[in-house]
Amino acid sequence: MSEPAAATSSGKQEDLNLYRIVSRQFDKAAATLRFPSFLLRQIKVCNNVYEFNFPVRVGKQMRMFRGWRAEHSHHKKPLKGGIRFAEHVDADEVMALASLMTYKCALVNVPFGGSKGAVKVNPYVTPVDVLQRITRRYTAELCWKRFIGPGINVPAPDMGTGEREMAWMADTYDGLNHGGIDNFACVTGKPVSQGGITGRSEATGRGVVYGVREALSFPGDLKRHGLTPGLEGKKIVIQGYGNVGWHAARIFVREEGAKIIAIGEWNGFLVNRDGIDLEALEEYRLNSGSMLHFPGAETVTDNPSAVLEVECDVLVPAAVQNVITQANVERLRCKIVAEAANGPTTPGAEAYLLKNDVLVIPDIYLNSGGVTVSYFEWAKNLGHMRFGRMGKRLSANKEHAMLDHIEQATGRKPDPAVAEALGRGADEVELVRSGLEGTMVDAYREIRTLSRRKRQIKDLRTGAYVVAIKKIAAAYDKLGIFP
Ligand code: GLU
């Protein structure tokens, strides 16, 4: 929710309106660039917002619901961004999130403009049949106003929505656009059986892990933050255990050898400084319906947001915006804030963190894994073929031939595990993960290189915005004027 202001520990009011916060972040970066002010204004402004009310039957009665779709930038088409179902959402929040989509797509070279949508509804207390009617009617409203389409605007999941809602959206769009061969590219994040791509649901969380790992790979950058290179053994706190937080936690532990020492939800958190056993926790959560009181950790319920204050190496806010503010930032005890959520840190809190040498890895970079894999899904839908289908067998055969040749030449059999891995050829999920990893690594290096070259850039967020703004300016610049 974009509340206007909150009291800080010093008693001063802090502006919590996300649209104004994003605007301030943009201005800080824009001030380091010598671009004409009209161009910067053109990039910054949210092009249009469609706000609408629509009727849906709930039980025996009709109820009105309010929806939005904001289109921030048309410098590339289609536009892209998730649909949020939340009780406390408003136009400013949707516009802010649409702006963030533009910058993150530009940053990671995903060729889309930014957009975002929302419906004011609490999905956690709304019956499934009502949610289905809301989603289908919302999609129809977007169709009638041409705010959705494979070449126009392509929604995806966000807070409160997931594969199920995307399948309903695709089906509704398909029904209203009879015979459209590319209809299923109208939305991403669909179930694999409905034209989705393997690896999309874990993508944002996986991107978070790749991004933090990359930040921890430059020893010279880490000393002032009191960090050593690598993720192995690092203590991590996750705030928000939804799709993003859960996948990130799992991959941090399983693939990088890190420890999850605390996990927070809206109603409480778990702490275990030796590391929480995530598999046991998953089983417990499936059986009990909640992670609280898991026997493998201490449960704290009196102050759920105090999870942010647990001492750790990496703090991952993976829930909503405005959780790290001037009111609590002085109590944080982490070396990295890894922004998996959109907009979790206010500018005032960020200034404090930077002054105290905490590394802030910004949302527009760190959570861009979701839209990156959405791009792969969209391209797959337009190509009408699963990635890897044409080449998998060919590369497996070639790799087998090479292994046979090596065996004959050396008289030694290759290690069976290596032979198995080589002789398989890449399938869709491997291609998706490698595409995501390459994207996250390249984008980090681009931000880092630019930030080291430009003296005025003192933090990763400003660096990330500058990279993004330059690319958007170049897309508007048909004459090649702007460097
Ligand atoms: N809602 C996600 C985000 O904020 C994903 C958007 C997409 O895949 O289009 O990045």
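Those letters in the sequence shown? Residues 523 to 1005, by the working numbering.
We put the CB at the ideal spot given by N, CA and C, even for glycine.
Computed from a prediction, not measured in an experiment: that's the story for all the values here.
1. The beta strand (DSSP E) spanning Thr821 covers which residue range?
2. Can you list, in chain order, the residues of its chain with a C-beta nearer than 7 Å to that of Cys568? Leave out the 5 residues immediately preceding and following it.
3. Figure out for me which residue from Phe576, Tyr572 and His597 has the closest Cα to the Cα of Lys1000.
4. Between Glu952, Val954 and Val988, which lies nearest to Glu968 when the distance is taken from Cα to Cα?
5. Kindly indicate which three-state DSSP category Leu944 falls into: helix, strand or coil?
6. Return yes when the Cβ of Met813 is within less than 8 Å of the Cβ of Ile773, no when it is not.
7. I want to know whether the stretch 811-830 touches the stretch 767-782 - three or more CB-CB distances under 8 Å.
8. Could you check the C-alpha separation between Ser637 and Glu615 for me, to the nearest Å?
9. Can you confirm whether the stretch 920-927 touches the stretch 747-755 when touching is taken to mean that 3 or more C-beta pairs between the two stretches lie within less than 8 Å?
10. Compute the minimum distance between the beta carbon of Met617 and the heavy atoms of the ligand GLU, and state whether it is under 7 Å.
11. If Ser917 and Ala948 are in contact, beta carbons under 8 Å, what's the gap, nearest whole angstrom?
12. What are the start and end residues of the alpha helix (DSSP H) that includes Trp768?
13. CA-CA distance, Ala990 and Leu629?
14. By the three-class DSSP mapping on this structure, what secondary structure does Gln843 have?
15. Less than 7 Å separating the Cβ of Ser896 from some heavy atom of the ligand GLU?
16. At which residue ranges does the stretch 630-680 contain complete beta strand (DSSP E) runs of 3 or more residues, listed in the order of the chain?
17. How far does the alpha helix (DSSP H) with Met907 in it reach, from first residue to last?
18. State the Cα-Cα distance for the pair Val829 and Arg974, rounded to the nearest angstrom.
19. DSSP three-state label for Val880, please.
20. Quick one: is the Cβ of Asn1020 within less than 7 Å of any heavy atom of the ligand GLU?
21. Would Gly711 and Glu736 be called neighbours here (beta carbons separated by less than 8 Å)?
22. I need the DSSP call for Glu754, collapsed to helix, strand or coil.
23. Thinking C-alpha only, which one of Ser890, Arg585, Thr624 and Pro600 is nearest Ser545?
24. Could I get the ranges of all uninterrupted alpha helix (DSSP H) runs contained in the stretch 559-605, with 4 residues as the minimum, in chain order?
25. Less than 8 Å between C-beta atoms, sequence neighbours within five positions excluded: which residues of the same chain meet that for Ile674?
26. Taking only the alpha-carbon atoms, compute the straight-line gap between Gln535 and Val647 and give it to the nearest angstrom.
27. Among Gly945, Ser715 and Gly603, which one has its Cα closest to the Cα of Gly913?
28. Compare the Cα-Cα distances from Asn1032 to each of Asp937, Ala901, Ala943 and Ser896 and report the closest residue.
29. Taking all protein chains shown into account, decide if Ser956 is buried (16 or more other Cβ within 10 angstroms of its Cβ) or exposed.
30. Going along the chain, which residues of its own chain have a beta-carbon closer than 6 Å to the beta-carbon of Arg542, five neighbours each way excluded?
31. Since Lys857 and His747 are thought to touch, with beta carbons under 8 Å apart, how far apart are those beta carbons, to the nearest angstrom?
32. Return the CA-CA distance between Gly604 and Ser739, expressed in angstroms with no decimal places.
33. Whole angstroms are fine: how far does the CA of Asp835 sit from the CA of Val759?
34. Which residue marks the beginning of the alpha helix (DSSP H) containing Gly790, and which one marks its end?
35. Given this structure, state the Cα-to-Cα distance separating Met523 from Asp612, to the nearest angstrom.
36. Write down the C-beta distance between Ala996 and Ile886 rounded to the nearest angstrom, noting that I regard them as a contact closer than 8 Å.
In this structure, then:
1. Glu820 to Val822
2. Ala592, His594, Met617, Ala620 and Ser621
3. His597
4. Val988
5. helix
6. no
7. no
8. 12 Å
9. no
10. no
11. 7 Å
12. Asn765 to Glu778
13. 5 Å
14. coil
15. yes
16. 635-642 and 675-679
17. It is not in any alpha helix (DSSP H) - Met907 carries neither H nor E in the DSSP assignment.
18. 34 Å
19. coil
20. Here the chain comprises residues numbered 523 to 1005, so residue 1020 is not present and cannot be evaluated.
21. no
22. coil
23. Thr624
24. 559-566
25. Lys599, Pro600, Leu601 and Arg668
26. 33 Å
27. Gly945
28. Residue 1032 lies beyond the stretch modelled for the chain, which goes from 523 to 1005, so this question has no answer here.
29. exposed
30. none
31. 5 Å
32. 31 Å
33. 8 Å
34. Per DSSP, Gly790 belongs to no alpha helix (DSSP H); it is in the beta strand (DSSP E), Gly790 to Val793.
35. For Met523, the predicted model reports a pLDDT of 43, less than 50, meaning its position is unreliable; a value from the coordinates is still stated below. Taking the straight line joining both Cα atoms gives about 7 Å.
36. That pair is no contact at about 17 Å.
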